[in-house]
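*Asks:* Have a look at the structure that comes next, please.
Residue numbers (my numbering), protein chains in the order written: chain A, 980 to 1443; chain B, 1142 to 1435.
See the structure below:
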């Protein structure tokens, strides 16, 4: 008996104690449920109160409570306690290394998958059937991956909480729309211009607000995002007001092939293919994939340059940065401007893809989603941010697919309406179990002998 | 050393003149003038709240002094008026580096990265203000290798070369203090300002610190200004001691001179009986042993 208890203890399960817990809780439950459930008064025909004896039901309920408590004590609580102990002890270096290797392997596999994804979809669902999967999932998710990576520079590396990132997205989208419609310039000329304009607005915003820190910075950037949106709504002569701008030119294949149905050099016609918008979607998919990879490549390079190290140092300790001769205002401005530039690229792509922009697309909710992607992914981690974008955007898109739920909840049930509820629950869950995001460890940018992953516990989050 | 030919008067690297710093009605530093000799180790001492850290913050540009002039002359012979410069320019142009009373390392970055951040400005130029660096043109790679070598030199010097790739936040306290000094030295300063470098160190670490400071002065020719309460550091290695009380200078001279200054003794007497006895003992021990050696 004694030895059995010992082995159980070693295994982390103490059945004796769990049984005792279960019995005690069962008795307490019966004491409570006995009078509450077990005795019921009812009026009979002659208006007299009669006590009905339902002690059997109370006993059944008490047994359920007791068994539940037994299961909790025996299996659930020890597991929670074990997990708590493990997460409190800092992850060992070997664990961190293994995890870093895993993410590295994952990113290579992911990259290959991203390149073959449209071909895979076309071979699975046919040309016409691929539209939904390439456009709604592929392109949509990649736009947010790119936005997340752009904002990751500002929040994840430099530690500046920017809640108005969507403003730069809007600047990029409107720059492309207006310049393409009024000056008939091609997407490939306007893409860098839109990026530069967004970066310019990043600097304009940055100059006055970067003296602020933390919460104050967050509020001012939030206000800036709203100002841009309200200007777009109210300056009707410039932006078309809330009606927006429509018939924005499509992206051309570097001027060689067009995707306009009426154009003589239409892509499908030139290759004698059946007319379909799927080719354009696949083309867009590869454009946004290249843009996102460009963002990733430049960010990875910048991290290894003095400016990137200065951003991270700024996030760690701003005062120390200044004592080392780093101009913190300029450093923050570059982070803002480069982050905004990628937002501008994504914005001009968004306008070209939609063919229509209106201020409705640039509400605060968009900023919140992008910030959530960065925070969920783990601030500063590229792969984490990408995973978070897939989970958040892909997840909400998947809700539309859950038609079978209508069979359960009736025809009026629309799972998409529960988007925000699920989103909120997921956020709470992540903050409880992984408060530093999916990938919290930091990869150093230089090493003398061996690259060692830095545990997320030591990395600061920045304070504005 | 005769009174007329003191190093800090004849060849000052930093001259502070009539420095006053007021915070509202409080006068933290009152008409303070002193000089830091080139190649000297100068100690700024005084009871708690005497305004030592405020003087540091004025010198390094973190505070704008109410009145006063601070002229810094780096090795290249240029002249910089520190009271007119923002903090990061003081570090970059006037070549003044500092450490902090409560250690401010980049704890999530490795030791090597900490030392590379300190070489930000030369590396920034080498990377063509980032533009050339992103494209991979220009000599950034070689410059970065040089910067890493410089970092390796300093890690070797502070005895932390084996932990070069560990995060700075993982280091024990004493090692963090040494790393902060190495980081300040990586900016290539002419004047190194240390705010209580020996605070919280055990006697052995304190002795190591003395050796490190002496070697910094000898090998790099950097002048050192330090705030310190640990009298073994102050009396053991400093060439020049400036004593502050309530923001006013009450003594200025060699360690031996200040030790015997009645006003200095009174200032410390005014603090607390026990502390004074302690300090007197320490003074006797240190200077006694010095005299013994002489």
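Ideal Cβ positions, reconstructed from N, Cα and C, are used throughout, including at glycine. Please read all numbers here as calculations on a predicted model, not as lab measurements.
Counting only beta-carbon separations shorter than 9 Å, does residue 1339 (chain A) have a partner in chain B?
*Replies:* No, residue 1339 (chain A) lies away from the interface with chain B (no Cβ there is under 9 Å from its Cβ).
*Asks:* Can you look up residue 1013 (chain A) in the DSSP assignment and give me helix, strand or coil?
*Replies:* Here residue 1013 (chain A) sits in helix by DSSP.
*Asks:* Who are the near neighbours of residue 1185 (chain A) in its chain, counting only those whose CB is closer than 6 Å to its CB and skipping five residues on each side?
*Replies:* Result list for residue 1185 (chain A): 1312, 1315, in chain order.
*Asks:* Pick out whichever of A:1161, A:1230, A:1105 has its Cα sitting closest to the Cα of residue 1253 (chain A).
*Replies:* Selected option, being the one with the closest Cα: A:1105.
*Asks:* Taking CB distances under 9 Å as the criterion, tell me whether residue 1085 (chain A) reaches chain B.
*Replies:* Chain B contact via Cβ: absent.
*Asks:* Using a Cβ cut-off of 9 Å, which residues of the segment 1421-1442 of chain A contact any Cβ in chain B, in chain order?
*Replies:* Answer set for the segment 1421-1442 of chain A: 1421, 1423, 1424, 1425, 1426, 1427, 1428, 1429, 1430, 1431, 1433, 1434, 1435, 1436, 1437, 1438, 1439.
*Asks:* Which residues in the same chain as residue 1193 (chain B) place their Cβ atom closer than 7 Å to its Cβ, once the five residues preceding and following it in sequence are excluded?
*Replies:* For residue 1193 (chain B), where only same-chain residues beyond five positions count, the Cβ hits under 7 Å are 1185, 1187, 1368, 1385.
*Asks:* Which word fits residue 1356 (chain B), buried or exposed, when buried means at least 16 other C-beta atoms lie within 10 angstroms of its C-beta?
*Replies:* Exposed, because fewer than 16 other Cβ atoms sit within 10 Å of the Cβ of residue 1356 (chain B).
*Asks:* On the premise that residue 1037 (chain A) lies in contact with residue 1005 (chain A), defined as a C-beta separation below 8 Å, what is that separation, rounded to the nearest angstrom?
*Replies:* No, residue 1005 (chain A) and residue 1037 (chain A) are not in contact; Cβ-Cβ is about 11 Å, not under 8 Å.
*Asks:* Would you mind telling me which residues of chain A sit closer than 7 Å to residue 1233 (chain B), beta carbon to beta carbon, in chain order?
*Replies:* Going along chain A in sequence order, the residues near residue 1233 (chain B) (Cβ under 7 Å) are 1304.
*Asks:* Should residue 1298 (chain A) be flagged as near chain B, meaning a C-beta pair shorter than 9 Å?
*Replies:* Yes, its Cβ sits closer than 9 Å to a Cβ of chain B.
*Asks:* Give the straight-line distance between the Cα atoms of residue 1436 (chain A) and residue 1009 (chain A), rounded to the nearest whole angstrom.
*Replies:* Rounded to the nearest angstrom, the two C-alpha atoms are 47 Å apart.
*Asks:* Using a Cβ cut-off of 9 Å (strictly closer), state whether residue 1289 (chain A) contacts chain B.
*Replies:* Residue 1289 (chain A) counts as touching chain B.
*Asks:* For residue 1113 (chain A), is the classification buried or exposed, using 16 other Cβ atoms within 10 angstroms of its Cβ as the cut-off for buried?
*Replies:* Counting Cβ neighbours within 10 Å, residue 1113 (chain A) comes out buried, since at least 16 surround it.
*Asks:* Let me know the secondary structure DSSP gives residue 998 (chain A) once reduced to three states.
*Replies:* The answer is helix: DSSP assigns residue 998 (chain A) an H, G or I state.
*Asks:* With DSSP as the reference, label residue 1317 (chain B) as helix, strand or coil.
*Replies:* Helix, per DSSP.
*Asks:* What separation, rounded to the nearest whole angstrom, lies between the Cα atoms of residue 1167 (chain B) and residue 1172 (chain A)?
*Replies:* Those two C-alpha atoms are separated by around 54 Å.
*Asks:* Between residue 1056 (chain A) and the ligand MG, is the CB less than 8 Å from at least one heavy atom?
*Replies:* This structure lacks the ligand MG; in fact it carries no ligand of any kind.
*Asks:* Can you give me the Cβ contacts of residue 1321 (chain A) inside the same chain, cut-off strictly under 6 Å, excluding the 5 residues immediately before and after it?
*Replies:* Result list for residue 1321 (chain A): 1129, 1274, in chain order.
*Asks:* Please give the ranges of any alpha helix (DSSP H) in the segment 1249-1315 of chain B, keeping only runs that are unbroken, at least 4 residues long and fully inside the region.
*Replies:* 1252-1258, 1261-1267, 1272-1276, 1281-1298, all fully within the segment 1249-1315 of chain B.
*Asks:* Hey, would you say residue 1310 (chain A) sits closer than 9 Å to residue 1284 (chain A), going by beta carbons?
*Replies:* Contact: no.
*Asks:* By Cβ distance, which residues of its chain are closer than 6 Å to residue 1305 (chain A), with the 5 residues on each side in sequence left out?
*Replies:* Answer for residue 1305 (chain A): 1289, listed in chain order.
*Asks:* Count the other CB atoms within 10 Å of the CB of residue 1187 (chain A); is the residue buried (16 or more) or exposed (fewer)?
*Replies:* Under this definition residue 1187 (chain A) is an exposed residue.
*Asks:* Just to confirm the assignment, what range does the alpha helix (DSSP H) spanning residue 1333 (chain A) have?
*Replies:* 1307-1333 is the extent of the alpha helix (DSSP H) around residue 1333 (chain A).
*Asks:* For residue 1258 (chain A), count neighbouring Cβ atoms within 10 angstroms of its own Cβ and tell me buried if that reaches 16, exposed if not.
*Replies:* Burial call: buried.
*Asks:* What are the residues in the segment 1296-1314 of chain B lying within 9 Å of chain A by C-beta distance?
*Replies:* Answer in chain order: 1296, 1302, 1303, 1305, 1306, 1307, 1308, 1309, 1310, 1311.
*Asks:* Is it the case that the Cβ atoms of residue 1334 (chain B) and residue 1200 (chain B) are separated by a distance below 9 Å?
*Replies:* In this structure, residue 1200 (chain B) lies closer than 9 Å to residue 1334 (chain B) by Cβ.
*Asks:* Grab me the residues of residue 1120 (chain A)'s own chain with a C-beta within less than 7 Å of its C-beta, minus the 5 sequence neighbours each way, in chain order.
*Replies:* If we look at residue 1120 (chain A) and ignore the five residues flanking it on each side, its Cβ neighbours are 1368, 1369, 1372, 1373.
*Asks:* Curious, which full-length alpha helix (DSSP H) runs of at least 4 residues does the segment 1250-1317 of chain A contain?
*Replies:* Within the segment 1250-1317 of chain A, the complete alpha helix (DSSP H) runs of at least 4 residues are 1257-1283, 1285-1295, 1297-1302.
*Asks:* Out of A:1336, A:1183, A:1307, which one is the CA nearest neighbour of residue 1233 (chain B)?
*Replies:* It is A:1307.
*Asks:* In chain order, what residues of the same chain have a beta carbon less than 8 Å from the beta carbon of residue 1127 (chain A), not counting five sequence neighbours either side?
*Replies:* Around residue 1127 (chain A): 1349, 1352, 1353, 1356, 1364, 1365, 1367, 1368.
*Asks:* Give me whichever residues DSSP pairs with residue 1215 (chain B) in a beta bridge.
*Replies:* Bridge partners of residue 1215 (chain B): none, in fact.
*Asks:* What does residue 1336 (chain A) pair with, by DSSP beta-bridge criteria?
*Replies:* DSSP output for residue 1336 (chain A) lists A:1224 as bridge partner(s).
*Asks:* In chain order, what residues of the same chain have a beta carbon less than 6 Å from the beta carbon of residue 1191 (chain B), not counting five sequence neighbours either side?
*Replies:* Closer than 6 Å at Cβ, skipping near neighbours: 1385, 1386.
*Asks:* Using a Cβ cut-off of 7 Å, pull out every chain A residue sitting near residue 1254 (chain B), in sequence order please.
*Replies:* Residues of chain A passing the Cβ test: 1288, 1423, 1424, 1425.
*Asks:* As a quick exercise: from B:1350, B:1183, B:1315, B:1341, pick the residue whose alpha carbon is nearest that of residue 1364 (chain B).
*Replies:* For the residues B:1350, B:1183, B:1315, B:1341, the minimum Cα distance to residue 1364 (chain B) belongs to B:1183.
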